[in-house]
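Chains as they are written, first to last, in numbering that gives the first Met the number 0: chain A, 0 to 322; chain B, 0 to 227; chain C, 0 to 51. Right, one structure below, let's go through it.
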Amino acid sequence: MSGPAGSQAAYYRGIPTVRYDLVKEFVVAMVVSGIVIVLLAGALSSPDVPPLTIQAWAQAAPVDFVTTATAELAGTSDSALYGPPYTDGSDSVQSIGIFDPQQWLGNSIHLDPPQDFVLGPLTYASVGNAALTSALSQYDAADGTSQQAWLSAYTDGLGTATAQDGQITVAAGDYGPVPVLMTSLLAEANSGGLDGLLLTNGQFFATDYTKPLLFMGDGQYLTDLAAAQHLTGDQWGVMNETGQYPGQTWLWAFSMLYQLPPYNSDPNADLLVVLTMAVLTALLVLVPFIPILRDIPRWVPVHRLIWRDYYRWRRSRSSPGSD
Amino acid sequence: MTSQTDPPEPATQKAETGSNWTAAIRRAVEHRLPWDNLLPDRQPFFVGSWVYVFGVVAITSLVWVIGSGVVLAFFGPSWWHVSGIGRFVNSIHFWSVQLLFVFAVLHLWGQYFMASWRDGRATTWVVGVVIFLAALVTGFTGYIAQQNLDAQWIAVNAKDAINATGAGAFFNPLDFGQIYGIHVMLLPIGVTVLVVLHVLQVRMRGVVKPIEPDAPKPGDAATPSSAT
Amino acid sequence: MDASATYLQVGFILISVPNALVIVGMIVLLIAAVLAPFPGHHRVQDDDDQPD
């Protein structure tokens with residue numbers, strides 16, 4: 000016997016069987032899908048827009064770079080104020096009532112934006128550079144009030160700053176050592192050195208890009224590049240891809256929620272979206288057990304088309320005079 | 000599932016193997032998955048629609064995904080950016096993933112319209128949806144592991160949703176090493192194991208019978224079984 | 000293929016042409032799979048066989 004065996008034989012009792020070659024079907028599907036994939040790959044290639052480097056950012060948008068670096072030093076950047084898992088801030092902490100998992104799991108990465116993004120890399124670069132060494136000493140020796148006054152004034156000055164040949168020009172003001180620090184950091188970034196220094200972790204190997212990515216994310220330039228490719232959240236960017244390629248279309252529901260009220264205006268949008276998706280996913284998993292959801296296929300007659308041969312056979316068996 | 004009645008065995012054999020775990024597993028597998036169920040060359044005649052092919056194409060797409068992924072993993076994450084052959088292999092990886100998701104979703108739609116969870120097949124549906132979720136996370140980690148602008152932005156943009164749930168404390172999309180390891184090792188193994196389990200579940204019980212127009216609804220426990 | 004894609008806006012829905020093509024393709028495939036006759040599928044009358 001080669002048909003259904005054991006309990007299956009009982010399940011299918013009375014239903015005719017036909018020859019069916021599962022292995023052949025698999026092999027044919029393997030070949031046909033392979034041909035389709037190779038044709039698509041050969042004809043359309045795949046998306047690969049080169050990554051942004053700190054160097055490219057500093058060269059293309061030096062004012063944005065320095066403005067971001069100044070905010071990192073002042074401790075006022077998005078990352079500095081973020082909260083867990085990067086810092087002890089609270090600006091990006093989301094919660095619903097007492098449900099506050101982001102705080103519960105805490106600050107595991109312990110980012111220190113002034114040190115990690117500005118002062119640490121400048122200290123490496125200050126060897127043999129008297130002006131920078133002196134500026135760093137002056138900044139270190141100053142009290143917090145002076146530091147913040149310099150940084151605040153410099154940030155205002157950056158609002159009207161101009162850039163030329165990788166240098167920025169800021170109107171004169173009482174900035175203390177900040178201009179020396181920032182022009183040094185800009186030069187370090189322009190040379191490509193900062194890309195490496197942001198990965199320095201006290202070990203030889205580096206595979207963790209948390210620092211350079213957070214630094215870039217705090218600026219405007221990366222967001223502008225993403226927006227030009229329709230990748231930001233309010234552009235349904237979750238399901239989009241660079242260039243003319245399809246993206247993660249399977250994330251359509253996740254992407255859609257971000258466009259709809261209340262999600263599109265709630266400060267806890269991410270947590271609300273994730274929780275909503277968790278509920279919808281649970282419904283999908285439990286479809287076989289949920290009345291209405293499990294009954295819809297009975298009401299929608301698609302199955303009558305799929306199994307039309309079966310229903311015709313069934314009618315032909317019961318119609319001649321039996322009913 | 001344990002309520003199914005095994006065919007009675009000779010008393011001597013039962014006495015020999017009654018407390019033997021190995022023999023118990025062998026008997027259970029032999030009963031539920033005899034070769035005729037695992038590799039049948041006949042099917043009930045209603046198994047005759049292209050809708051039944053969606054699942055097979057999803058699996059063959061997965062084979063192409065894994066095959067191209069093995070090549071990409073072998074040569075390392077930066078290879079395909081600088082090699083023409085590497086770019087082609089990456090393109091195969093990219094398009095086979097697209098095909099995998101297209102046919103996995105078509106399979107899900109098809110099985111939904113056929114209500115394939117009936118007659119004791121609910122766990123097959125549940126495992127199928129779990130495979131979809133695991134594939135989704137695999138796709139997400141793959142996009143972050145690309146090492147290009149897309150990967151940078153997806154990591155920076157997605158971190159907020161992950162952090163909001165608290166998962167950012169141990170799953171950091173900005174840590175390439177962590178994401179790459181998960182993408183090329185843990186998730187492919189997980190998806191493959193689940194797909195094998197899913198196929199065995201289908202072969203164990205066979206495809207579900209067509210919906211009977213006059214059959215009792217699953218909730219109507221009191222309805223007699225022979226409605227005609 | 001690295002040039003920016005065209006985007007379609009319908010109310011609050013914003014979708015790239017490539018993504019729309021994938022979704023339309025899926026719907027077409029589903030309809031075709033449901034309606035198209037399955038090749039090599041013998042009519043029951045031709046190959047009737049009762050499992051025993």
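No residue lacks a Cβ here, since even glycine has one placed at the ideal position from N, Cα and C.
N- and C-terminal bounds of the alpha helix (DSSP H) containing residue i
{"i": "Thr222 (chain A)", "result": "Tyr220 to Ala227"}
{"i": "Asn162 (chain B)", "result": "Leu148 to Ala163"}
{"i": "Phe116 (chain A)", "result": "Where Phe116 (chain A) is concerned, there is no enclosing alpha helix (DSSP H), given that its DSSP letter is neither H nor E."}
{"i": "Ala22 (chain B)", "result": "Trp20 to Arg31"}
{"i": "Gln177 (chain B)", "result": "Phe175 to Gly180"}
{"i": "Ser78 (chain A)", "result": "Asp77 to Leu80"}
{"i": "Leu279 (chain A)", "result": "Ala268 to Val284"}
{"i": "Val81 (chain B)", "result": "Trp78 to Val81"}
{"i": "Asp217 (chain A)", "result": "Thr209 to Asp217"}
{"i": "Ala8 (chain A)", "result": "Ser6 to Tyr10"}
{"i": "Ala252 (chain A)", "result": "Trp251 to Leu256"}
Between the CA atoms of residue j and residue i - distance to the nearest angstrom
{"i": "Ile14 (chain A)", "j": "Phe44 (chain B)", "result": "7 Å"}
{"i": "Ser90 (chain B)", "j": "Ser45 (chain A)", "result": "5 Å"}
{"i": "Gln200 (chain B)", "j": "Gly119 (chain B)", "result": "11 Å"}
{"i": "Gln258 (chain A)", "j": "Met276 (chain A)", "result": "14 Å"}
{"i": "Leu38 (chain A)", "j": "Tyr11 (chain A)", "result": "41 Å"}
{"i": "Thr123 (chain B)", "j": "Trp116 (chain B)", "result": "7 Å"}
{"i": "Ala281 (chain A)", "j": "Leu193 (chain B)", "result": "18 Å"}
{"i": "Gly216 (chain A)", "j": "Tyr208 (chain A)", "result": "12 Å"}
{"i": "Pro178 (chain A)", "j": "Gly75 (chain B)", "result": "42 Å"}
{"i": "Tyr286 (chain B)", "j": "Leu38 (chain B)", "result": "The displayed coordinates of chain B run from 0 to 227. Any statement about residue 286 (chain B) would go beyond what the structure contains."}
{"i": "Ile34 (chain A)", "j": "Ala150 (chain B)", "result": "28 Å"}
{"i": "Asp48 (chain C)", "j": "Gly47 (chain B)", "result": "Here the model assigns Asp48 (chain C) a pLDDT of 48, short of 50, so the residue's position is not dependable, and the following value carries that caveat. About 16 Å."}
{"i": "Asn309 (chain B)", "j": "Asn239 (chain A)", "result": "Since the first and last residues shown for chain B are 0 and 227, residue 309 (chain B) lies out of range."}
{"i": "Trp149 (chain A)", "j": "Pro211 (chain A)", "result": "25 Å"}
{"i": "Phe203 (chain A)", "j": "Gly195 (chain A)", "result": "12 Å"}
{"i": "Gln247 (chain A)", "j": "Pro260 (chain A)", "result": "23 Å"}
{"i": "Ala134 (chain A)", "j": "Gly175 (chain A)", "result": "8 Å"}
Simplified DSSP state of residue i, which is helix, strand or coil
{"i": "Val136 (chain B)", "result": "helix"}
{"i": "Thr59 (chain B)", "result": "helix"}
{"i": "Phe98 (chain A)", "result": "strand"}
{"i": "Gln42 (chain B)", "result": "strand"}
{"i": "Ile167 (chain A)", "result": "strand"}
{"i": "Val257 (chain B)", "result": "Look at the range of chain B in this structure, 0 to 227, and you will see that residue 257 (chain B) is not part of it."}
{"i": "Arg18 (chain A)", "result": "strand"}
{"i": "Ala152 (chain A)", "result": "helix"}
{"i": "Gln97 (chain B)", "result": "helix"}
{"i": "Trp306 (chain A)", "result": "coil"}
{"i": "Ala57 (chain A)", "result": "helix"}
{"i": "Asn128 (chain A)", "result": "coil"}
{"i": "Pro178 (chain A)", "result": "helix"}
{"i": "Glu24 (chain A)", "result": "helix"}
{"i": "Glu211 (chain B)", "result": "coil"}
{"i": "Gln145 (chain B)", "result": "coil"}
{"i": "Met113 (chain B)", "result": "coil"}
{"i": "Pro223 (chain B)", "result": "Model confidence at Pro223 (chain B) stands at a pLDDT of 42, short of 50, so the residue's coordinates are unreliable; what they give is reported in the following sentence. Reduced to three states, the DSSP call for Pro223 (chain B) is coil."}
{"i": "His106 (chain B)", "result": "helix"}
{"i": "Asn106 (chain A)", "result": "coil"}
{"i": "Val92 (chain A)", "result": "coil"}
{"i": "Glu326 (chain A)", "result": "No statement about residue 326 (chain A) is possible, as the shown extent of chain A runs from 0 to 322 and does not include it."}
{"i": "Leu198 (chain A)", "result": "coil"}
{"i": "Pro172 (chain B)", "result": "coil"}
{"i": "Ser183 (chain A)", "result": "helix"}
{"i": "Ser317 (chain A)", "result": "helix"}
{"i": "Asp63 (chain A)", "result": "helix"}
{"i": "Arg311 (chain A)", "result": "helix"}
Identified DSSP bridge partners for residue i
{"i": "Gln8 (chain C)", "result": "C:Leu13"}
{"i": "Arg297 (chain A)", "result": "For Arg297 (chain A), which the question treats as bridged, DSSP gives no partner whatsoever."}
{"i": "Ala188 (chain A)", "result": "Partner(s): none; Ala188 (chain A) has no beta bridge."}
{"i": "Ala162 (chain A)", "result": "A:Ile167"}
Inter-residue CB distance, residue i and residue j (contact presumed, cutoff 8 Å)
{"i": "Leu121 (chain A)", "j": "Leu184 (chain A)", "result": "6 Å"}
{"i": "Arg41 (chain B)", "j": "Thr16 (chain A)", "result": "4 Å"}
{"i": "Val25 (chain C)", "j": "Val104 (chain B)", "result": "Correcting the residue identity first, residue 25 (chain C) is Met in this sequence and not Val. Sure, about 7 Å apart at Cβ, within 8 Å."}
{"i": "His92 (chain B)", "j": "Ser67 (chain B)", "result": "4 Å"}
{"i": "Leu110 (chain A)", "j": "Tyr138 (chain A)", "result": "With 8 Å as the limit, Leu110 (chain A) and Tyr138 (chain A) do not qualify as a contact, their Cβ atoms being about 20 Å apart."}
{"i": "Asn36 (chain B)", "j": "Pro3 (chain A)", "result": "7 Å"}
{"i": "Tyr49 (chain A)", "j": "Asn171 (chain B)", "result": "Note that residue 49 (chain A) is Pro in the sequence shown here, rather than Tyr. At roughly 23 Å, the Cβ-Cβ gap does not stay under 8 Å, so Pro49 (chain A) and Asn171 (chain B) are not in contact."}
{"i": "Asp47 (chain A)", "j": "His80 (chain B)", "result": "6 Å"}
{"i": "Ala4 (chain C)", "j": "Gln243 (chain A)", "result": "4 Å"}
{"i": "Gly167 (chain B)", "j": "Lys158 (chain B)", "result": "7 Å"}
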